[in-house]
Structure formats: C-alpha cells, structure tokens
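Undergrad: One structure, pasted below without further comment.
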Amino acid sequence: MTAPGTAAFCLRLLRRQLVLAVRRPIEIANPLLFFAMVVALFPLGLGPAPDSLAEFAPGILWIIALLSNLLTSDTVFRSDYDDGSLEQLLLSPQPLFLSVLAYVGAHWLVTGILLAVVSPVFALMLGLPGQALGALFLSLLIGTAVLSLVGGIGAALTVGLKRGGMLISLLILPLYMPVLIFGSAAVQAAVSGAPALPYLAILGAMLSLAIALAPIAIAAGLRISIDA
C-alpha cells in the first residue's frame, strides 16, 4: 500500500472517531464537568484567600487535567473492541502503529485541546496571574498530547478486560508524573516571572519521544490483548 493511501486511511479513521465522539457528547462533557467541579471544590478546601489559591493554582490545574485525561483513557479502544471493529483493524494491510495514531489523535482533540482551551477560565477562578495563562495553555496543549499517547498504551493493554480503568491507573500513572512535574513547573515559572520556555521545550521533547515510541507500544499491546 502506498504512503498516500496509508495517510488517507488514517485520516478517514480519524474522521470516523471524531464523528463517533460527537455522537456521544457525554464522553466529551465528562472531562470538562470533572475539571469544573474539582476547580470549584478546591477553594472550599484551601480557603477563599486569593493568595493561597494563586500559589497552588499551577499544580491544581495540572493535577485536574491529568485526572480528567485519565478518566477517558479507558474508552480509546473500548467501543471498537466491543463491536469487533478493532479485530478488523488488526487484519488490515495498513500499518497498525500508524492507524492507532488516529485513535490517540481523536482522543486528544476531544479531551486535551478542550481542556487547554477552557483552562484559562478556570485559572482565573483560582486567581492565577494573567501573565501565566499563555504558559498554562501551551503546557496543557503539549502535555495532554503526551498524556493521550501514554494513556493509549494502557488502554491497549487493558482493552480486553471488563474493568480495566483501575489497572490503567496503576500502569500509566507513574509515566504521567514527568509531564505533571514539567507542566506545572512551566506555569509556576511564568507566575514568578521566569522564562517558561525551557520547561515547554522539555515537554516538546517528551512529545517527540512519545510520538516515536508510543504507537509501536500501543500496536503491540493491542495484538497482545486481542490474541489473549
């Protein structure tokens, strides 16, 4: 199969996943609702003092974004596994490691980008200074792509299990930690007036590494889960 044919196949697969996601709006709304509810609860626990909220805002926002992403990781391949489409994908002549990028890309588009877009609103609710909003948006934009790729590995390994959500958390949560550390550090640097670009560059390096390695791991995990 030619490279253009492979690219067209992956684009059709991406469009299909996006159409299915739009038809299930609750799956798009769940991470956003979770994000909003937890942001609203933090002032009740930490107190309404603006200085206290602003101090913890970078870590709070990134932790919530990570958990929101983790909340939907289990669904990346689940519906296609249930209706048998995933087995047909494994039998396709198209390279599986490229096809899974369409699934991960759709997950990032309907969760990561949306979280990055709405995050400045919630950041202002927590008193985050305005000069840090750009760093927050960029760090979430890059970081959630890494989270989706890493989460895809866990989703592939547990897709054959009826209740794989907790197992996904145990498998991939340690791999999420570097993204959380450097993502929140980028926002904290912007708050203090220091340059956030070094931390964003590290997140970009993580994304490059994840794009190179995660699709291969996801494809192997799917084959293991289907053959098991």
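The sequence shown lines up with residues 25 to 252 when you count with my numbering. Backbone N, C-alpha and C fix where the C-beta goes; we use that ideal spot for every residue, glycine too. Computed from a predicted model, the values in this text were never measured in an experiment.
Label valine 141 either buried or exposed according to how many other C-beta atoms from any shown protein chain fall within 10 Å of its C-beta, with 16 as the threshold for buried.
TA: Locating residue 141 in the sequence shown gives position 117, where the first residue counts as 1. Answer is exposed; the Cβ neighbour count stays below 16.
Undergrad: According to DSSP, is alanine 126 helix, strand or coil?
TA: Within the sequence shown, numbered from 1, the residue matching residue 126 stands at position 102. Here alanine 126 sits in helix by DSSP.
Undergrad: When DSSP labels each residue in this structure, what does glutamine 118 get in the three-state scheme?
TA: As a working note, residue 118 is residue 94 in the sequence shown. Correct three-state label for glutamine 118: coil.
Undergrad: Does the stretch 221-229 come close enough to the stretch 110-121 that 3 or more CB-CB pairs lie under 8 Å?
TA: Too few Cβ pairs lie closer than 8 Å, so no.
Undergrad: So, for serine 208: in the same chain, excluding its five sequence neighbours on each side, which residues have a beta-carbon less than 6 Å away from its beta-carbon?
TA: Residue numbering aside, residue 208 sits at position 184 when the sequence shown is read from its first letter. These residues qualify, in order along the chain: Pro82, Gly83, Trp86.
Undergrad: Alpha carbon to alpha carbon, what distance is there between serine 216 and asparagine 93?
TA: By 1-based counting over the sequence shown, the position of residue 93 is 69. By 1-based counting over the sequence shown, the position of residue 216 is 192. Cα to Cα, the separation comes out at about 27 Å.
Undergrad: Would you check if the distance between the CB atom of serine 143 and the CB atom of phenylalanine 161 is smaller than 9 Å?
TA: Taking the first residue of the sequence shown as 1, we reach residue 143 at position 119. Taking the first residue of the sequence shown as 1, we reach residue 161 at position 137. Cβ distance < 9 Å, so serine 143 and phenylalanine 161 count as in contact.
Undergrad: May I have the straight-line CA-CA distance separating threonine 26 from leucine 122, to the nearest angstrom?
TA: Along the sequence shown, one-based indexing puts residue 26 at 2. Along the sequence shown, one-based indexing puts residue 122 at 98. In this prediction, threonine 26 scores a pLDDT of 46, lower than 50, which makes its location untrustworthy; the coordinate-derived value is nonetheless stated afterwards. So the two alpha carbons sit approximately 13 Å from each other.
Undergrad: Where valine 124 and leucine 199 are concerned, what is the direct C-alpha to C-alpha distance, given to the nearest angstrom?
TA: Counting from one through the sequence shown, the residue named residue 124 turns up at place 100. Counting from one through the sequence shown, the residue named residue 199 turns up at place 175. Using only the alpha carbons, I get a separation of about 19 Å.
Undergrad: Aspartate 251: which of Val183, Pro222, Pro153, Ile88 sits nearest, CA to CA?
TA: Along the sequence shown, one-based indexing puts residue 251 at 227. Selected option, being the one with the closest Cα: Val183.
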